[in-house]
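Asker: What follows is a single structure, and I will ask about it in a moment.
Number of protein chains: 2
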Amino acid sequence: MTGRLAIVGLGPGAPELMTPLAAETLAAATDLVGYAPYLARVPERAGQRRHASDNREELARARQALDLALMGRSVAVVSSGDPGVFAMASAMFEAIETGKPAWKDIDVTVVPGVSAMLAAAASVGAPLGHDFCVISLSDNLKPWDLVLKRLEAAAAGDFVIILYNPASKARPWQLGEALRLIARHRAQATPVIFAQAVTRADESIEITTLRQADPSRADMRTLVIVGSSATRLVRGPRGPFVYTPRHAELAPS
Amino acid sequence: MTGRLAIVGLGPGAPELMTPLAAETLAAATDLVGYAPYLARVPERAGQRRHASDNREELARARQALDLALMGRSVAVVSSGDPGVFAMASAMFEAIETGKPAWKDIDVTVVPGVSAMLAAAASVGAPLGHDFCVISLSDNLKPWDLVLKRLEAAAAGDFVIILYNPASKARPWQLGEALRLIARHRAQATPVIFAQAVTRADESIEITTLRQADPSRADMRTLVIVGSSATRLVRGPRGPFVYTPRHAELAPS
């Protein structure tokens, strides 16, 4: 008897940003699977089994969850933010495509969540108010040349650029190179946002510029947003807001 | 006495995808401001005033909301999806920047929501599993040449491309031109998703290809997602899933 599997977005961190659908799906599951710090954000329920794993084991975690569903369990795989944006959903479908044929018969659903980029943007105003690109700077699973090609395209297109996975201990130089590439296309005063641990207790948000941005400020829990040629600051009561206007012109290139 | 103003994302449509923070903020407001069909999604509360407006009057609506806050009211401006993605937040900061000096002292917050693109992606699998670009096809507030420039950049960078505002009665040809432009860079079998009224009672999702995509299928309530060179289908129990793998290679260009 085949069970069911839901890939659930917990939202960016604050409990009040987890959707009721996510909360209900988690409460209804017999088994929770996920990276240990994300599982820790889910309220305990008696009788529910928890399968915590390390952060780097995404495919192994996906396969474990699919096997549990195949045994008839009702499985929820937890993901921070939205599961579809650089998170567990893609790994899950990769496991299904390349794994046991019976996994293709499992009832799989994806429960969307408020992604970190939306929460980061909201915390400073509306920097994503116009066309934007989302790029992971991690070259663990793609060649750095592809990252550069996409950064070049995004910069040439005058998109607002959101950088996921900007830095880690093993990847210390990528963000500096990315910002230098973008700075060849954009004014030095272009707003840059470092959003760390958004909506969590230790949240830290910095609004700076391309000229002054310090790449060493970023870590694994940081998102970086680089404005387009139109992104600007507006004075607010507690410091500036950042927004990108709805109207736009062709910037000189 | 200055009040407060929150720009609140209602989520894509289903009530169970509205966050608790959004629901609490709406319940605490003295005044709700927004496009009438969005206001209709908010539960009625005795004593709360509702200010409904037409869809095209974003700046006028923003100014009305700021004046209400200036009078000491607690105002919630409602937005579908996430307020920061082609929605009310940008118009609000534009109004603040260009309007009455006293508006800059109002306590403004943005409450993020599950955006339509995240819900659309979740409904078919994980098409946004890797780098993506988000582009509005509306040329009401930007020149069509800028849209073309960004489409060209996004296509050249092999991004997954999400098209907001793909069509309306006044803009019937833009989506066809956009898809033809992308097709010059991508295989004809590239997956294309038309997601209409996502998570609402009349939701309609179509998975097709660049070759077969019919632009006349889209309307004002449709999002279109075009896959990258890596986006693929996987068999599922109720039809195919669409996903973009986490790993990627440099596509031949």
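Sequence order for the protein chains is A and B. Position one of the first sequence corresponds to residue -9 (my numbering), numbered consecutively onward. Position one of the second sequence corresponds to residue -9 (my numbering), numbered consecutively onward. Beta carbons: idealized from backbone N, C-alpha and C, even for Gly.
Quick one: residues in its chain with C-beta nearer than 6 angstroms to the C-beta of F231 of chain B, no 5 flanking neighbours on either side, listed in chain order?
Answerer: Numbered from 1 along the second sequence, position 241 holds the residue referred to as residue 231 of chain B. Excluding sequence neighbours, F231 of chain B sits near G115 and V224.
Asker: Expressed to the nearest angstrom, what Euclidean distance is found between the alpha-carbon atoms of G226 of chain A and A191 of chain A?
Answerer: Along the first sequence, one-based indexing puts residue 226 of chain A at 236. Along the first sequence, one-based indexing puts residue 191 of chain A at 201. So the alpha carbons of these two residues sit roughly 23 angstroms apart.
Asker: When burial is assigned at 16 or more other CB atoms within 10 Å of the CB, is S69 of chain A buried or exposed?
Answerer: As a first step, residue 69 of chain A must be located in the first sequence, where it is residue number 79. The residue in question, S69 of chain A, is buried, as its Cβ has 16 or more Cβ neighbours within 10 Å.
Asker: So which residues of chain A does G62 of chain B contact, with C-beta pairs closer than 9 angstroms?
Answerer: On the second sequence, residue 62 of chain B is found 72 positions in, with the first residue counted as 1. Per Cβ cutoff of 9 angstroms: no residues; G62 of chain B is ~15 angstroms from chain A at best.
Asker: Within the 9 angstroms Cβ cut-off, does G37 of chain B reach chain A?
Answerer: Counting from 1 along the second sequence, the entry for residue 37 of chain B is found at position 47. So, not an interface residue.
Asker: Is the CB-CB distance between L240 of chain A and L108 of chain B below 9 angstroms?
Answerer: Taking the first sequence and counting its residues from 1, the one referred to as residue 240 of chain A is at position 250. Taking the second sequence and counting its residues from 1, the one referred to as residue 108 of chain B is at position 118. For L240 of chain A and L108 of chain B, no; Cβs fall outside 9 angstroms.
Asker: Just to confirm, are G74 of chain B and A106 of chain B a CB contact at a threshold of 9 angstroms?
Answerer: Taking the first residue of the second sequence as position 1, residue 74 of chain B is located at position 84. Taking the first residue of the second sequence as position 1, residue 106 of chain B is located at position 116. Against a cut-off of 9 angstroms, the Cβ pair of A106 of chain B and G74 of chain B comes out as no contact.
Asker: With DSSP as the reference, identify every bridge partner of G217 of chain B, one or two as the case may be.
Answerer: Within the second sequence, residue 217 of chain B is the residue found at index 227, counting from 1. DSSP output for G217 of chain B lists no bridge partner at all.
Asker: Which runs of the beta strand (DSSP E), 3 residues or longer, sit entirely within the segment 84 to 113 of chain B?
Answerer: The qualifying runs are 97 to 101.
Asker: Express the C-alpha separation of A4 of chain B and Q186 of chain B in angstroms, rounding to a whole number.
Answerer: To locate residue 186 of chain B, count along the second sequence from 1; it is residue 196. To locate residue 4 of chain B, count along the second sequence from 1; it is residue 14. Q186 of chain B and A4 of chain B: Cα-Cα distance of roughly 13 angstroms.
Asker: At a Cβ cut of 8 angstroms, what residues of the segment 6 to 26 of chain A count as close to chain B, listed as they run along the chain?
Answerer: So the list reads E6, L7, M8, T9, P10, L11 and E14, given in the order they occur along the chain.
Asker: Checking contacts by CB at 9 angstroms: is L56 of chain A closer than that to chain B?
Answerer: Against the first sequence, residue 56 of chain A aligns to sequence position 66. Closer than 9 angstroms: no.
Asker: Is Q54 of chain A near the ligand PLP - that is, is its Cβ less than 8 angstroms away from at least one heavy atom of it?
Answerer: Of the ligands one can find in the structure shown there are none, so the ligand PLP has no counterpart to examine.
Asker: Just the chain B side, please: which residues come within less than 9 angstroms of F122 of chain A by C-beta, in chain order?
Answerer: Residue mapping note: residue 122 of chain A aligns to position 132 of the first sequence, counting from 1. Chain B residues near F122 of chain A: V75, C123, V124 and I125.
Asker: For chain B, check one thing: does any of its Cβ atoms lie closer than 9 angstroms to the Cβ of V68 of chain A?
Answerer: The sequence position of residue 68 of chain A within the first sequence is 78, counting from 1. No, V68 of chain A does not count as interfacial toward chain B.
Asker: How is the alpha helix (DSSP H) around P27 of chain A delimited, first residue to last?
Answerer: Indexing the first sequence from 1 puts residue 27 of chain A at position 37. Unbroken alpha helix (DSSP H) run through P27 of chain A: A26 to L29.
Asker: Inspect the beta-carbon positions of V182 of chain B and I197 of chain B and report whether they are closer than 9 angstroms.
Answerer: Walking along the second sequence from the start, residue 182 of chain B turns up at place 192. Walking along the second sequence from the start, residue 197 of chain B turns up at place 207. It is a contact, given that the beta carbons lie within the stated cut-off.
Asker: Are there three or more Cβ pairs, one per stretch, closer than 8 angstroms when the segment 121 to 140 of chain A is compared with the segment -5 to 11 of chain B?
Answerer: The segment 121 to 140 of chain A vs the segment -5 to 11 of chain B: no contact.
Asker: Using a Cβ cut-off of 7 angstroms, which residues of the segment 214 to 227 of chain B contact any Cβ in chain E, in chain order?
Answerer: Of the protein chains in the structure, A and B, none is chain E.
Asker: So, with DSSP's three-state summary, where would you put Q186 of chain A?
Answerer: By one-based count along the first sequence, residue 186 of chain A stands at place 196. Strand at Q186 of chain A.
Asker: In whole angstroms, give me the CA-to-CA distance for L141 of chain B and V23 of chain A.
Answerer: Position 151 of the second sequence, counted from the first residue, corresponds to residue 141 of chain B. Position 33 of the first sequence, counted from the first residue, corresponds to residue 23 of chain A. Approximately 38 angstroms, taken between the alpha carbons.
Asker: Among A:A111, A:P102 and A:R53, which one has its Cα closest to the Cα of K90 of chain A?
Answerer: Taking the first sequence and counting its residues from 1, the one referred to as residue 90 of chain A is at position 100. K90 of chain A has its Cα closest to that of A:R53, out of A:A111, A:P102 and A:R53.
Asker: Just to confirm, are A85 of chain B and G147 of chain A a CB contact at a threshold of 9 angstroms?
Answerer: As a first step, residue 85 of chain B must be located in the second sequence, where it is residue number 95. As a first step, residue 147 of chain A must be located in the first sequence, where it is residue number 157. Result no, Cβ atoms of A85 of chain B and G147 of chain A do not sit closer than 9 angstroms.
Asker: Which residues of the segment 170 to 191 of chain A have a Cβ closer than 7 angstroms to any Cβ of chain B? Give them in chain order.
Answerer: Within the segment 170 to 191 of chain A, no residue qualifies.
Asker: Should R176 of chain A be labelled buried (16 or more other beta-carbon atoms within 10 Å of its own) or exposed?
Answerer: Locating residue 176 of chain A in the first sequence gives position 186, where the first residue counts as 1. R176 of chain A should be labelled buried.
Asker: What are the residues in the segment 134 to 165 of chain A lying within 8 angstroms of chain B by C-beta distance?
Answerer: For the segment 134 to 165 of chain A, which is checked against every Cβ of chain B, the residues closer than 8 angstroms are D135, L136, K139, R140, E142, A143, A144, A146, G147, D148 and F149.
Asker: Quick check: is the beta carbon of E47 of chain A nearer than 9 angstroms to any beta carbon in chain B?
Answerer: Taking the first sequence and counting its residues from 1, the one referred to as residue 47 of chain A is at position 57. It does not; no Cβ of chain B falls within 9 angstroms.
Asker: How many angstroms separate the CA atom of A12 of chain A from the CA atom of V32 of chain A?
Answerer: One-based indexing of the first sequence puts residue 12 of chain A at position 22. One-based indexing of the first sequence puts residue 32 of chain A at position 42. Going by the C-alpha atoms only, they are around 10 angstroms apart.
Asker: Could you tell me the distance, in whole angstroms, from the CA atom of P205 of chain A to the CA atom of W163 of chain B?
Answerer: Residue numbering aside, residue 205 of chain A sits at position 215 when the first sequence is read from its first letter. Residue numbering aside, residue 163 of chain B sits at position 173 when the second sequence is read from its first letter. Going from the Cα of P205 of chain A to the Cα of W163 of chain B covers about 43 angstroms.
Asker: Could one say the Cβ of A116 of chain A lies closer than 9 angstroms to chain B's Cβ atoms, at least one of them?
Answerer: Against the first sequence, residue 116 of chain A aligns to sequence position 126. Yes, because at least one Cβ of chain B sits closer than 9 angstroms to the Cβ of A116 of chain A.
Asker: Please confirm if V65 of chain A has its CB atom under 9 angstroms from at least one CB of chain B.
Answerer: Translated into positions along the first sequence, residue 65 of chain A becomes position 75. It does not: the Cβ of V65 of chain A has no partner Cβ on chain B nearer than 9 angstroms.
Asker: Any Cβ of chain A within less than 9 angstroms of the Cβ of Y233 of chain B?
Answerer: The residue labelled residue 233 of chain B in the question sits at position 243 within the second sequence. Yes, contact with chain A.
Asker: In whole angstroms, what is the alpha-carbon distance linking I151 of chain A and G37 of chain B?
Answerer: For the purposes of this step, residue 151 of chain A is taken as the residue at position 161 of the first sequence. For the purposes of this step, residue 37 of chain B is taken as the residue at position 47 of the second sequence. C-alpha separation (whole angstroms): 43 angstroms.
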